[in-house]
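Structure, as structure tokens:
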Amino acid sequence: WNSHRKKIAAMVRGGGSPGSVWWQVGASSGALAVILGAFGAHALKAKVDPQMLEVWETANRYHFFHSLAMMLVPMAPAPKSASPRSGWIFSMGILLFSGSLYAMVLTGNRKLGAITPIGGLCLIGGWIALGLKA
């Protein structure tokens, strides 16, 4: 536990391994998720039907949780060269899953929903890669 505590403290201070870039990417993505969540709750609420608002909320929930997952990447006990793989997979998952749902709500183009399952597979793959320390 002590070694993990020191590693987390180093990442929070901005130091640590090259993998700490995923800490920063995840935190930035999390901030964007909060902004988009607020946008959905306030600006979209009066402009889209309740079903589409639920779609936005689903996109936002997955965006937020997987932003946190990206912050776990530097903590994975893997070789530094292999560790970022799961971060890239999570990034693609957020972009394709949440991004396609956000775009679908904003444009009304339901065909964008065809991209969403690919993003979901990326999110699953990110967890698997993280679990395998890849």
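For the sequence shown, counting from 1, position 34 maps to 34 in this note's numbering; every step adds exactly one. For glycine and all other residues, C-beta sits at the position ideal for the given N, C-alpha and C.
| Asked | Found |
| --- | --- |
| Cβ-Cβ distance between L96 and G126 below 8 Å | no |
| Contact the segment 83-94 vs the segment 103-110: 3+ CB pairs below 8 Å | no |
| C-beta neighbour in chain D for L68, strict 8 Å | The structure shown contains no chain D, having only a single protein chain. |
| Identity of the residue in V73, A33 and A114 nearest W23 by Cα | V73 |
| Simplified DSSP state of N60, which is helix, strand or coil | helix |
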